[in-house]
């Protein structure tokens, strides 16, 4: 019987947990090191150099945690289903690892369910199209299973090297020092945590100047409300399609061809057109009650707007014709957008320039123009960015590519300067897609585990 090899994973989020679960335990002993327990690692110790874009502050102080914040569940599908099933368009195949701008799971269903209304869209603009997002029908949190050993409250990680390989990892738990001999080290600490950790634990000769640079977020927010004609919901099939595994959340996308950005718009049911009923501010304040879910849930049920949206998001119930308009935007990377500093006290330099704001404003105008013939009434914020926030889909800080000079990893997840160091999380994605980032990260974890299990040559 062959001796098992040892894989150490740092980070127990969606990527780290899924990767550990899919590894063949007949071949590998798996250890997962986690800095936290049930509380956010960063909490509120983040320094923003510029927390403003448009006329208002970015509202979210939540950092990272794609699966917890926006995709609180993993997709109940195997890697084969995510890669080749005709229900998904997934441009990352099992044998192709070059991430492109269009890496995310975007459109679902083999046949376009909007075929009856495509001609209406075409008459308005060739920039306007449909977008769909798959949402798990029976969600399950990412949990570590199948004989992996989870070690929490880990501090002060250090590495011992032998040439260009990591030989041993040292770490502290409750003031005791432990060590593990390493065959492979996988970092899965997210868009901020991964570059911050690598800059801390790597020897100077192995560090890369692009770690932490090209930080991309996922700006989104409410731009106003609209009351639509009775036939709009039917003509454009807003009611969600579903099967036994997932529901499809419908929306519209506007393509900025100059910057190659997609700005997406979703219609969320609401009780009236009053812009003073600021649901996002209510939600934001509720989310400040960390680890007090009973309090949060009690107040949520007292607010009819939140209840209406929750019924729509969870059960697809859509009874009225009045909607909040949500804009979800893509962002191109910039070298000056970055994260640096201490792991638990990071500094973030992230902003949106005037060119980007113009792109979003043009897309909003395009979408409002599309809605106008079907609208009984429409009420838009005077400042388009007044209810935008940072959506915590952080990526780009540890880019994966075989051709991009700014890439830190090759196109097979491996850190270019170290033979047995790999990264698998949102930090490797070179651009924020407008779709299901959580499902994309899940797929990447499955692909990397499949490579290890099949003992592909590069591993």
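In the numbering used here, the protein residues as written are 165 to 623.
Glycine residues also receive a C-beta, built at the ideal position from the N, C-alpha and C atoms.
Just so we're clear, the structure is a prediction, and the values are computed from it rather than from any experiment.
Where does residue 343 fall in DSSP's three states?
strand
Whose C-beta lies closer than 6 Å to the C-beta of residue 329 among residues of the same chain, with five residues either side of it excluded?
583, 584
As a quick exercise: from 336, 326, 337, pick the residue whose alpha carbon is nearest that of residue 346.
326
Residue 339 classed as buried or exposed, judged by whether at least 16 other C-beta atoms fall within 10 angstroms:
exposed
Close beta carbons around residue 525, own chain, < 6 Å, minus the five adjacent residues each side:
548
Who are residue 329's beta bridge partners in DSSP?
326
Can you check which of these residues, 530, 612, 342, is closest to residue 292 by C-alpha distance?
530
Which word fits residue 495, buried or exposed, when buried means at least 16 other C-beta atoms lie within 10 angstroms of its C-beta?
buried
What residues are listed by DSSP as bridge partners for residue 520?
Residue 520 pairs with nothing; no bridge assigned.
When burial is assigned at 16 or more other CB atoms within 10 Å of the CB, is residue 350 buried or exposed?
buried
Which class does residue 166 belong to by DSSP, given the choice of helix, strand or coil?
coil
Where does residue 609 land, buried or exposed, given buried means 16+ other C-beta within 10 angstroms?
buried
Are there 16 or more other CB atoms within 10 angstroms of the CB of residue 358, so buried, or fewer, so exposed?
buried
Span separating the alpha-carbon of residue 574 from that of residue 320
27 Å
Do residue 415 and residue 559 have their C-beta atoms closer together than 7 Å?
no
By how many angstroms is the C-alpha of residue 581 removed from the C-alpha of residue 563?
14 Å
Opening and closing residue of the beta strand (DSSP E) in which residue 592 lies
Counting along the chain, residue 592 falls outside any beta strand (DSSP E), and DSSP gives it neither H nor E.
On a Cα-Cα basis, can you pick out the residue from 373, 615, 527, 387 that is closest to residue 546?
387
Give the DSSP bridge partners of residue 542, in chain order.
390
For residue 335, the nearest candidate out of 174, 542, 472, 468 (CA to CA):
174
Let's test the definition: count the other Cβ atoms within 10 Å of the Cβ of residue 198 and tell me whether it reaches 16, buried, or not, exposed.
buried
Can you tell me which of 348, 370, 487 puts its alpha carbon nearest to the alpha carbon of residue 429?
487
Run through DSSP, which three-state label would residue 433 get?
strand
In the structure shown, what three-state DSSP assignment does residue 359 receive?
helix
Going by C-alpha to C-alpha distance, which of 191, 183, 619 sits closest to residue 168?
191
For residue 509, which of helix, strand or coil comes out of DSSP?
strand
Apply the 10 Å Cβ neighbour rule to residue 533 and answer buried if 16 or more other Cβ atoms are within range, or exposed otherwise.
exposed
C-beta atoms of residue 540 and residue 391 nearer than 7 Å
yes
Note down the Cα distance separating residue 177 from residue 394, rounded to an integer number of angstroms.
43 Å
Residue 471 - DSSP class collapsed to helix/strand/coil
helix
Among 553, 183, 537, 521, whose alpha-carbon lies nearest the alpha-carbon of residue 353?
183
Collapsed DSSP secondary structure at residue 381 in the structure displayed:
coil
Taking the alpha-carbon of residue 109 as reference, which of 483, 492, 312 has the nearest alpha-carbon?
What is shown of the chain runs 165 to 623, which leaves residue 109 out entirely.
Can you tell me whether residue 312 is buried or exposed, with buried defined as 16 or more other CB within 10 angstroms of its CB?
buried
How should residue 373 be labelled, buried or exposed, when 16 other C-beta atoms within 10 angstroms of its C-beta is the threshold for buried?
exposed
Which class does residue 181 belong to by DSSP, given the choice of helix, strand or coil?
helix
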